[in-house]
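In my numbering, the protein residues as written are 161 to 484.
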Ligand code: CP
Ligand code: NVA
């Protein structure tokens, strides 16, 4: 399938034949149309059973995965496509042959490449080399499929996204970046709380401040865990991501940023029913979140995990031009 991204103000207005390397490539309207397709496919997959008939997508994973691998493989199978898994944990992409040649070979055989890699530059190199769509399944910089699932999980709940305030607490990492992109594009207020020295990347902050301005949302930053007060949901992620080597002292510095019952009580001040808890998973219980919080009725972590498949199904349907 040849790529056919329709560019509008530097962002894709249609996903047909396009890559998804980062959420910042999407318009708010495209994200919302993905959500509508995801809701439809979640309710009833039957109309889409043959949508990917005759197509093959390949997962190239340099890093471990439960959710991303299983949701892509299951979703592709449910829609009649074939999913291949290449384990690249022992040999990084680009080691045996150039990433460019890898992409140029794959486009001759398969229809879509889904890489999970150490470096965002590898995702970009693959996308530049191959004439078939590339979907970023996580890099050091971004986790776009996660960002889509996270906001979809809030969007599908009663009351939707209107007037919602979200707090992210922890490391300013890949998950944080994609959450920032998705929330600010969709007009959701977001407070990002990180220890000093672990703020999100400056270019992501700059872009997201512009998206927030355009969508009318508030994007705020703090180093104080007490800044969680009055948010509808509190989101955290692991403190040390896969492949991170600069971990010296990280656990110690992050101690005050753990999501405990007390922190959730602060977050829930003024919020009817209290604040929801979110995590992309895998979680380190007793480290960034307590059992009490992740197992509480306000925890929606397994809804997020389930929705990974529904938003990715929608993404594939749009990319293959089968969303209807
Ligand atoms: N949230 C997520 O991407 O999980 P995996 O690392 O298990 O794929
Ligand atoms: N930030 C984490 C997310 C895992 C889904 C990592 O990159 O390891």
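Ideal Cβ positions, reconstructed from N, Cα and C, are used throughout, including at glycine.
Taking a contact as a CB-CB distance under 8 Å, the pair residue 222 and residue 249 counts as one, their CB atoms being some 6 Å apart. Taking C-beta atoms as the reference points, residue 339 and residue 393 fail to come closer than 8 Å. 8 Å or more divides the Cβ of residue 259 from the Cβ of residue 294. Residue pairing for residue 460: DSSP places it in no beta bridge. Residue 262 and residue 391 have their C-alpha atoms roughly 45 Å apart. For residue 336, the CB stays at least 7 Å from every heavy atom of the ligand CP. For residue 327, the secondary structure class from DSSP, reduced to helix, strand or coil, is strand.
When DSSP reads this structure, residue 275 sits in a beta bridge with 220. Burial is judged here by how many other beta carbons sit within 10 angstroms of a residue's own beta carbon; residue 206 has fewer than 16 and is exposed. Distances taken from the Cβ of residue 317 to the heavy atoms of the ligand CP include none shorter than 7 Å. Around the beta carbon of residue 425, a 10 Å sphere encloses fewer than 16 other beta carbons of the protein chains shown; the residue is thus reported as exposed. When 436, 448, 404, 405 are compared, the shortest CA-CA separation from residue 416 is found for 448.
In the assembly as shown, residue 376 is an exposed residue. Its beta-carbon has fewer than 16 other beta-carbons within 10 Å. The DSSP-derived three-state label of residue 335 is helix. The criterion of a C-beta distance shorter than 8 Å is not satisfied by residue 352 and residue 312. Straight through space, the alpha carbons of residue 343 and residue 242 are spaced by roughly 32 Å. Per DSSP, residue 246 is not a residue of any alpha helix (DSSP H); the beta strand (DSSP E) it occupies stretches across 242-247.
For residue 350, the enclosing beta strand (DSSP E) begins and ends at 349-353. Closest in C-alpha terms to residue 239, from the list 212, 184, 216, 476, comes 212.
In this structure, 397 is the residue among 324, 446, 397, 251 with its C-alpha nearest to the C-alpha of residue 306.
Judged by DSSP in its simplified three-state form, residue 211 adopts coil rather than helix or strand.
No residue range can be given for residue 239, since it is assigned to no beta strand (DSSP E) and is classified by DSSP as neither H nor E.
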